[in-house]
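Engineer: If you scroll down you'll find the structure; I have some questions about it.
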Amino acid sequence: MTDIRGALKQGITELRNAHVLSFTLAAELLLLHVLGRDRTWIYSHPEAEISPADADRFFKLIARRASGEPTQHLTGKQEFWGLEFEVTPEVLIPRPETEHLIEVALDRLVVRELRAGRKQTLTGEGLQIADIGTGSGCIAIALAKELPSATIYATDISAAAISVARRNGARHSVSDRIHFLECNLLDGVLHRAAAGTNISDVGAQHAAPLQGTAAPTAVHGSRTTDHAPPSIDLIASNPPYIGRPEAATLMREVRDHEPEIALYGGEEGYELYAELITQSAAHLKPGGLLVLELGHDSLPAVQPLLDAPIWTNVAVTNDLAGIPRVIAAEKT
Ligand SMILES: C[S@@+](CC[C@H](N)C(=O)[O-])C[C@H]1O[C@@H](n2cnc3c(N)ncnc32)[C@H](O)[C@@H]1O
-10 MTDIRGALKQ
0 GITELRNAHV
10 LSFTLAAELL
20 LLHVLGRDRT
30 WIYSHPEAEI
40 SPADADRFFK
50 LIARRASGEP
60 TQHLTGKQEF
70 WGLEFEVTPE
80 VLIPRPETEH
90 LIEVALDRLV
100 VRELRAGRKQ
110 TLTGEGLQIA
120 DIGTGSGCIA
130 IALAKELPSA
140 TIYATDISAA
150 AISVARRNGA
160 RHSVSDRIHF
170 LECNLLDGVL
180 HRAAAGTNIS
190 DVGAQHAAPL
200 QGTAAPTAVH
210 GSRTTDHAPP
220 SIDLIASNPP
230 YIGRPEAATL
240 MREVRDHEPE
250 IALYGGEEGY
260 ELYAELITQS
270 AAHLKPGGLL
280 VLELGHDSLP
290 AVQPLLDAPI
300 WTNVAVTNDL
310 AGIPRVIAAE
320 KT
């Protein structure tokens, strides 16, 4: 038999020896997960004994963490915007810096309301929002929670990601307001948004070819815009933005365990932004907002794509490390 203090100490030592970052936190989270207890309980019962079965489970998880598996894949969850999300190896683990994107989106929506002379609390009434590359669904669901009257479209080219996002939508009781669509970028969104399709009418969309396999679409005459007027108020996206050659520089937890489709945007990394911005220009209403997360070196490639006369009020927000992390623009 081992007690909590002894198990935690040994787990921490094993993770430290394996050069795991934040080794104490990782060991704590794995022990909390195995015991189904919270942090306060563990630290107020250091002498409590752990059953042999729990100890065995805990040390097996410690060994997997030591060999590079992310803690979130072992516990199956990650917090984002104060909400707990299911995470699997098929989706990107939500990152804290993506919360800046939510903040910028909400701030810009409020400013837009004030400019329009509407001063009441922003509920999202009448707003149509799209989250492109939804992954776990964290952006779409955080926005759905903040804007309880908005209708939201959450797309992803990965069917597995859409399944996880759907489950997270149900977990947070927002499934009735989020259309989850398996498609390339905004391909599945336009006709549904323009037609005001009910959630119950929405079946799975099938993935179109990945960007790069089709010719870039013009804003006018795009294959996605021929028959429907622009109808979206806000498009938010955290697209894959890492360049392939950067793979060798990534932490093993990321490179070996997170989905390639969620990480790499192409050889340069920023390839997906051009088509995303072109489609957004076609889908946003005049005055509609585009809010994009940026990779650490994406800004020089992305900013010139948001130029006049299509875009105005372009602003960049840095993350806590001072890296330009979010770019927002308004369609004229
Ligand atoms: C960086 S992850 C972001 C996931 C989530 N939004 C977040 O912030 O944690 C990018 C997501 O875009 C999806 N994706 C990649 N290429 C796509 C495409 N052409 N169309 C739609 N989604 C795509 C990936 O499957 C992945 O889920």
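Residue numbering for the sequence shown follows the numbering used here, beginning at -10 and increasing consecutively.
Ideal Cβ placement from N, Cα and C applies to all residues, glycine included.
The structure presented is a predicted model; accordingly, all values stated were derived computationally and were not measured.
So who's on the other strand from Phe69, going by DSSP bridges?
Structural biologist: In the DSSP output, where bridge partners are listed per residue, Phe69 has Leu72.
Engineer: I think Ala55 touches Leu20, with their Cβ atoms under 8 Å apart; what is that distance to the nearest whole Å?
Structural biologist: Actually they do not touch by this definition, with Cβ atoms about 14 Å apart.
Engineer: Report, in whole angstroms, the separation of the C-beta atoms of Ala251 and Val80, which I expect to be a contact under 8 Å.
Structural biologist: At roughly 7 Å, the Cβ-Cβ gap stays under 8 Å, so Ala251 and Val80 are in contact.
Engineer: Is there at least one non-hydrogen atom of ligand 1 closer than 7 Å to the beta-carbon of Gly333?
Structural biologist: As shown, the chain starts at -10 and ends at 321. That puts residue 333 outside it, with no answer to give.
Engineer: Would you decide whether Arg104 is buried or exposed? Buried here means 16 or more other CB atoms lie within 10 Å of its CB.
Structural biologist: Answer is exposed; the Cβ neighbour count stays below 16.
Engineer: Please specify which runs of the alpha helix (DSSP H), each continuous and at least 4 residues long, are wholly inside the region 237 to 315, giving them in chain order.
Structural biologist: Listed in chain order, the complete alpha helix (DSSP H) runs (minimum 4 residues) inside the region 237 to 315 are 241 to 244, 249 to 252, 260 to 272 and 288 to 291.
Engineer: When the Cα atoms are used, what is the spatial distance from Asn3 to Asp296?
Structural biologist: In the sequence as presented, Asn is not what sits at residue 3; that position holds Glu. Cα to Cα, Glu3 sits roughly 52 Å from Asp296.
Engineer: Give the single residue among Pro218, Ile316, Arg5 and Gln292 whose Cα lies nearest to the Cα of Pro275.
Structural biologist: Minimum Cα distance to Pro275 is reached at Pro218.
Engineer: Could you check if Lys49 is buried or exposed, using at least 16 other CB atoms within 10 Å of its CB as the buried criterion?
Structural biologist: It counts as exposed.
Engineer: Could you tell me whether the Cβ atoms of Pro289 and Leu265 are closer together than 8 Å?
Structural biologist: Taking 8 Å as the Cβ cut-off, Pro289 and Leu265 do not qualify as a contacting pair.
Engineer: How many angstroms separate the CA atom of Thr213 from the CA atom of Gly122?
Structural biologist: The pLDDT assigned to Thr213 is 38, lower than 50, so where the model puts this residue is not dependable, and the model offers no usable value.
Engineer: Please name the residue in Gly25, His272, Glu17 and Ala236 whose C-alpha comes closest to that of Arg(-6).
Structural biologist: Taking only the C-alpha atoms, the option nearest Arg(-6) is Glu17.
Engineer: To which residues of the same chain is Asn6 closer than 6 Å at the C-beta, ignoring the five residues directly before and after it?
Structural biologist: Correct list: empty, nothing qualifies.
Engineer: For the beta strand (DSSP E) containing His22, list its first residue and its last residue.
Structural biologist: Unbroken run through His22 is the alpha helix (DSSP H), Phe12 to Leu24; no beta strand (DSSP E).
Engineer: Identify which residue in Arg181, Lys(-2) and His89 has its Cα closest to the Cα of Thr144.
Structural biologist: Closest option to Thr144, Cα to Cα, is Arg181.
Engineer: If we ignore side chains and look at the alpha-carbon of each, how far apart do Val305 and Asp120 end up?
Structural biologist: Going by the C-alpha atoms only, they are around 19 Å apart.
Engineer: Quick one: using the 10 Å Cβ neighbour count with 16 as the cut-off for buried, is Lys320 buried or exposed?
Structural biologist: Classification for Lys320: buried.
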